[in-house]
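Trainee:
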Amino acid sequence: VGTGNFLLFAGGSHSLGGTVNAAGTGTVQFTTSGTINLDPGVALSDTGGKYQIQGSAPTVSVNTPVTVGRLDWTVGTIRGASALTVNNTLNLNAGGLKTVDGGTLINTATANNNDANLTLGNGGAFVNQAGATFNMLVTGNVLSGAGTGQHFDNFGTLLKTGALSTIATAFSNTGSVAV
């Protein structure tokens, strides 16, 4: 997907098993109310572009470990037994429900919770790796959803600014928390 272009996955279910590249300012959007399956063999790359999860509550099923540079997430579910790693910028935008259901979302650089609620359910995990920063801006929360075993692991820096925020799930910290 080249500079200034959009690739939109909408309407129904989609399975990705090859290479998808968001280049320049290109954007790949997952906006369907169905499921986007990231299957073994998929390679999501972005050389300056970004991935977005938004629209009418899409489910992104992570069936193999996947890494992206930038992810803007407004609404939907990340589900699956594998990890989705964001190694540049993760923006959790205000708006709809965002749920990690049974999988793992890993931040290796900068995550910004922009007045959003992130729900971890059914053993879902958020991992803020060593050297990474999780910015809790305004009133964003991390909540516990259905099931058991969900957790937030902070090995980096959790930085809280703005009004009251809540972490209402198991929390493990070997990094730093600054308020």
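Residues in the sequence shown are numbered consecutively from 6, following our numbering. No residue lacks a Cβ here, since even glycine has one placed at the ideal position from N, Cα and C. Predicted model, so just to flag it, every value in this text is computed and none were measured.
Tell me whether N257 sits in a helix, a strand or coil according to DSSP, three-state version.
Mentor: Only positions 6 to 184 of the chain appear in the structure, and residue 257 is not among them; the question remains open.
Trainee: Straight-line CA distance for G22 to A168?
Mentor: 42 Å
Trainee: Going by Cα to Cα distance, which pick from G17, Y56, L110 is closest to N10?
Mentor: Y56
Trainee: Between G7, R75, L148, T153, which lies nearest to N117 when the distance is taken from Cα to Cα?
Mentor: R75
Trainee: Please report the straight-line C-alpha distance between P45 and N68, rounded to a whole angstrom.
Mentor: 7 Å
Trainee: Considering only DSSP beta bridges, list what V80 is partnered with.
Mentor: None, per the DSSP bridge assignment.
Trainee: Looking at the structure shown, is F131 part of a helix, part of a strand, or coil, going by DSSP?
Mentor: strand
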